[in-house]
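Working notes, beginning with the structure itself.
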Amino acid sequence: MLDILAYLPARRKSTSSGWTSFNAPCCVHNGESADRRQRGGIKVTDQGWSYHCFNCGFTASFILGRNLSFKARKLLSWMSVPQEEIERINLESLRHRSIQGILDDRAHTFETLQGIEFQERDLPAHASFVEPGTPHHDFLLNRCVPMNYPYMSEGRERAIGPGAPRQAVIVPFTHHNVIVGHAKRFLDDRNPRYINHIQPGYVFGMDLQGADWQHVIVVEGVFDALSISGMAVLHAEINDAQARLIRSLARDVVVVPDQDEAGMKLVDRALELGWAVSMPEWPGCKDVNDAVKKFGKLVTLITIMQARETSRIKIEMRKRQIVKRILN
Ligand SMILES: [Zn+2]
C-alpha cells in the first residue's frame, strides 16, 4: 500500500540512474504549463521515496515511519490520490516507526528546542538527471564522491557562445532527508565556481553520518564532505548556529581545514570552540577531496585521525608550518 509506484500514471519509464519518470503533475500548480515530456521523477529509496520535477523544480520526499510532509501531501493530491487514502498512507507509515525513527524524532525535537530549523525547499527548475557519458557524470567520477547521492545537472547541451547556460552539477542539501537547499558547481571553472543556496545555520552532511559513529569530521566544502562522509560548513568559518548543530550530534568533533590562507582562520575558530583539529601531511593536496583523489578514502581517513590534535600549542605550531609553506 505504501508502494508509491502504484499511484503513478501507467505511462512511465525507468532510467538507468534509478528514477521512474512520468508526466509531472506539479507544474500547472507552480505557474508552468503542463508537462508532456515525462519530466517528473521518483526515486524509491530503502527508507521511502523522493520526488523531483525536472521541469518546475518541485520536490517532495517521504520517509517510512514519519508523518507525510506538507509537500508530499500536496504531491499525492496532485496525483489524484483521494484525501482519505493520503491519511491512510500517513497512518500506515507511522505504524512502521522504527527505533531509528524514534531517535530521529528525538534529534528533531532537540534541534527545535535549540532553535535549529530548516524550511523544505525546491531545487532549480529545468534540471536533469546525471546520465553516464555526460561531463557532469565525469566531473563527479573525477571527484571520487559516492555516485548514489541524488545529484542533478544543468546545461546538458554543451554551452556555445556568450550567454549560453553554464553547465553545472547540482548537489541537493538535505537535513533529515528533506531537501532544504542546494549547491551549484559550475563545470567551466569560471568565477563564481559555486553558488550555494543555504539557510542560516545549515551544515551539509547530517544525513551522511552513521547512527553509531563516535566522531564527526568537519570540513569546508561539499565535495570534501561527500568524499569522506563528513560535514561541511560550506565556507571558511563556523557560525554559532552551525556550531550548535554540530554539537547537537554529541560526538567527538575533528575540524579539517583547507590548507590555505582561509583555512587557517577555521583553525582559530576550532580552537575557540574547543574542537580537535587535524592538518595531515598531504603532499600536493590542498583539501580533503584532493587527498581522497590522490590517496583514496581509507588512507585519507586514517591520516586525518592520526593527525588529530587537541593541544593548542601543537595546533598553533602546525598552523605556522602551513602558513610558512603557503607564503613560500
Ligand atoms: Zn513540475
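Following my numbering, the numbering of the sequence shown begins with -9 at its first residue and continues without gaps.
Cβ atoms here follow ideal geometry from the backbone N, Cα and C, with glycine treated the same way.
Notebook entry, point to check: Can you check whether the CB of I305 is closer than 8 Å to the CB of V243?
Noted result: no
Check: Alpha carbon to alpha carbon, how far is M(-9) from M196?
Finding: Interpretation of M(-9) is limited by its pLDDT of 43, a score under 50 that renders its predicted location unreliable; the figure taken from the coordinates is listed afterwards. Each residue's Cα considered, the two are about 30 Å apart.
Notebook entry, point to check: With which residues is I53 paired in a DSSP beta bridge?
Noted result: G38
Note to self: For C275 and K287, I'd like the C-alpha separation in whole angstroms.
What the structure shows: 14 Å
Check: Hey, out of R56, G30, D36, whose CA is closest to W68's CA?
Finding: G30
Next item on the list: To the nearest angstrom, report how far apart K283 and N132 are at their CA atoms.
Entry: 8 Å
Checklist line | Residues with C-beta closer than 5 Å to any heavy atom of ligand 1, in chain order | finding: A14, C16, C17, C43, N45, C46, F48
Checklist line | DSSP-derived helix/strand/coil call for M(-9) | finding: Because the pLDDT of M(-9) is 43, which lies under 50, any placement of that residue in the model is unreliable, and the question is left without a value.
Check: What is the DSSP secondary structure of G220, reduced to helix, strand or coil?
Finding: coil
Item checked: Short Cβ contact (8 Å threshold) for G253 with E299 -> no
Notebook entry, point to check: Which value, in whole angstroms, describes the spacing of the CA atoms of G200 and V71?
Noted result: 35 Å
Next item on the list: Check the C-beta distance from S40 over to P140 and give it rounded, since I have them as a contact under 8 Å.
Entry: 7 Å
Next item on the list: Flag this pair as touching only if the stretch 111 to 126 and the stretch 91 to 99 have three or more C-beta atom pairs under 8 Å; answer yes or no.
Entry: no
Check: How long is the line joining the alpha carbons of P122 and V212, rounded to whole angstroms?
Finding: 21 Å
Notebook entry, point to check: The beta strand (DSSP E) spanning F163 covers which residue range?
Noted result: 158 to 165
Next item on the list: Would you mind working out which of R302, N181, R2, H127 sits nearest R26, comparing C-alpha positions?
Entry: R2
Checklist line | For I188, three-class secondary structure by DSSP | finding: coil
Note to self: I'd like the list of long-range same chain contacts for G8, defined as Cβ closer than 6 Å, with 5 residues on each side in sequence excluded.
What the structure shows: K33
Notebook entry, point to check: What is the DSSP secondary structure of H172, counted as helix, strand or coil?
Noted result: strand
Notebook entry, point to check: Whole-angstrom Cβ separation of L216 and I160, contact assumed at under 8 Å?
Noted result: Incorrect: roughly 13 Å between the Cβ atoms, too far for contact.
Checklist line | Cβ separation of V223 and V193, assumed to be a contact under 8 Å, to the nearest whole Å | finding: 6 Å
Note to self: Just list the residues that DSSP pairs H205 with in beta bridges.
What the structure shows: D242
Notebook entry, point to check: How many Å lie between N167 and M295 at the Cα?
Noted result: 28 Å
Checklist line | Which of helix, strand or coil DSSP assigns to M142 | finding: strand
Checklist line | Whole-number beta carbon distance between H86 and G47, since they are thought to touch under 8 Å | finding: The pair is not a contact, with the Cβ atoms about 30 Å apart (cut-off 8 Å).
Check: For P(-1), which residues of its own chain have a beta-carbon under 7 Å away from its beta-carbon, when the five flanking residues on both sides are left out?
Finding: F12, N13
Margin query: Given this structure, state the Cα-to-Cα distance separating A297 from S268, to the nearest angstrom.
Written below: 5 Å
Next item on the list: Would you kindly work out how many angstroms separate the C-alpha atoms of V391 and L239, rounded to a whole number?
Entry: Past the edges of the chain, shown from -9 to 318, lies residue 391, and the structure says nothing about it.
Next item on the list: In angstroms with no decimal places, state the Cα-to-Cα distance between H127 and L263.
Entry: 38 Å
Next item on the list: Rank F108, L65, V278 by C-alpha distance to the C-alpha of Y(-3) and give the top, closest one.
Entry: L65
Check: Is H42 near ligand 2, judged by its Cβ being under 7 Å from some heavy atom?
Finding: This structure lacks ligand 2; its bound ligands are ligand 1.
Checklist line | Inter-residue spacing [alpha-carbon to alpha-carbon] between L317 and V170 | finding: 39 Å
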